[in-house]
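Structure first, commentary second.
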Amino acid sequence: MGAIFLVRHGQAAFGTDDYDRLTPVGIEQARHLGQYFALRKIPIDAIVTGTLTRQRQTAEAFSAALRSRAPELIKERAFEIFAGLNEYDPRAVLVAHTAKDLPPNDAARARDPDVVRQHFRILRDALFAWASGQTEPEGMPPFALFQSQAMAVIADVRARFVHGSVVVVSSGGPIGAIVAATLAAPPHAAVELNLRIRNASVTEILGTARRHHLLSFNSVAHLDHVPELVTYT
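Under my numbering, the first residue of the sequence shown is numbered 192, with each subsequent residue one higher.
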């Protein structure tokens with residue numbers, strides 16, 4: 192069987208004008224993951240990522256750390272890029288649900304835990320509405336298509352690396368959608384899974400060319416010795 196390691200990007204710059212980049216914490220999270228793979232001597236046949244900056248930066252930091260410890264473990268140097276691994280647009284989802292425009296980064300800039308919690312409660316409801324087909328966020332596909340695009344990447348990787356190991360760097364939305372599809376769970380389960388995925392966490396899938404199954408979900412074992420680096424946003 193082949194192994195697919197779904198990795199959520201490291202901590203991004205939530206609450207700034209440019210969310211799509213890693214913070215120093217996010218880079219450290221990805222480095223620790225690369226070191227962990229080196230320690231466990233996990234060979235990597237390919238690294239796959241979406242087009243987003245935070246995803247590519249995570250792949251780069253992970254790869255650099257792994258190569259520095261065990262260069263023989265990585266067979267391919269170039270990353271494969273798939274837009275199907277990109278995250279949904281949370282602003283579009285919120286606007287479609289609330290029927291009003293939102294000031295940029297309002298909840299994040301408040302730096303008030305209660306305000307931020309309220310933001311994510313509203314986002315959860317907005318994601319449920321999108322996943323159930325009640326809303327059509329501008330510039331975004333229906334949830335079913337979003338999920339199928341992510342699953343198409345997994346199917347492609349699974350078919351080409353039947354007995355290999357591949358690291359797939361994505362975001363919470365696609366990972367939640369992939370896990371839900373793997374478990375034959377309904378769309379609302381994808382939303383719940385998405386909102387619980389930690390930064391730089393690993394979800395492991397084992398599979399053959401025809402099918403795959405979930406082995407582990409949302410692990411941050413590589414951060415056990417640095418618990419201060421465990422983050423969600």
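Every residue gets a Cβ at the ideal spot worked out from N, C-alpha and C, and that includes glycine.
Bridge partners of H404, per DSSP?
L397.
So N390 and H200 are in contact, right, with Cβ under 8 angstroms, and what is the actual spacing, rounded?
About 7 angstroms; that satisfies the 8 angstroms criterion.
I265 to A229, Cα distance in whole Å?
Straight-line Cα distance between these residues: approximately 10 angstroms.
With distances taken Cα to Cα, identify the nearest neighbour of T394 among V348, G363, Y423 and R402.
It is G363.
Alpha carbons only, please: which of V421, E329, V360 and R231 is nearest the one belonging to R387?
The option with the nearest alpha carbon to R387 is V421.
DSSP state of I388, grouped into three classes?
It is coil, neither helix nor strand.
Among R260, S259 and P328, whose alpha-carbon lies nearest the alpha-carbon of T289?
That would be P328, whose Cα lies nearest to the Cα of T289.
Please give me, in chain order, every unbroken run of the beta strand (DSSP E) with length at least 3 that falls completely inside the stretch 292-367.
356-361, all fully within the stretch 292-367.
When the cut-off is 8 angstroms and only beta carbons count, does A376 lie next to chain C?
This model lacks chain C altogether; it includes just one protein chain.
Nearest CA to the CA of A372: which residue from R401, Q338, E267 and T399?
Ranking R401, Q338, E267 and T399 by Cα distance to A372 puts Q338 first.
Is it buried or exposed for S361, if we count other Cβ within 10 angstroms and need 16 for buried?
The residue in question, S361, is buried, as its Cβ has 16 or more Cβ neighbours within 10 Å.
Using only alpha-carbon positions, find the residue among L257, F273 and S323 that is nearest to E219.
Comparing Cα positions, the closest option is L257.
Just grab the DSSP bridge partners of G193 for me.
According to DSSP, G193 bridges with G398.
Is it buried or exposed, A412, if we count other Cβ atoms within 10 angstroms and call 16 or more buried?
Exposed, since its Cβ has fewer than 16 Cβ neighbours within 10 Å.
Please report how far the alpha carbon of H403 lies from the alpha carbon of V417, in whole angstroms.
Their Cα atoms are separated by approximately 32 angstroms.
Classify V239 as helix, strand or coil using the three-state DSSP reduction.
If DSSP states are grouped into helix, strand and coil, V239 belongs with the strands.
Assign R199 to one of three DSSP states: helix, strand, or coil.
It is a strand residue.
Under the three-state reduction of DSSP, which class applies to L414: helix, strand or coil?
In this structure, L414 counts as helix in the three-state DSSP scheme.
Can you give the Cα-Cα distance for A322 and T240, rounded to whole angstroms?
Each residue's Cα considered, the two are about 23 angstroms apart.
Check L257 in the structure and name its three-state DSSP category.
Three-state result, L257: helix.
Please tell me whether A250 and I235 are closer than 8 angstroms, where the distance is taken between their beta carbons.
Contact: no.
Below 8 angstroms on the Cβ atoms is my contact criterion, and I expect F270 with A221 to pass it. Report the Cβ-Cβ distance as a whole number of Å.
With 8 angstroms as the limit, F270 and A221 do not qualify as a contact, their Cβ atoms being about 13 angstroms apart.
Name the residue from D415, V370, F273 and T424 whose alpha carbon lies nearest to the alpha carbon of Q226.
Ranking D415, V370, F273 and T424 by Cα distance to Q226 puts D415 first.
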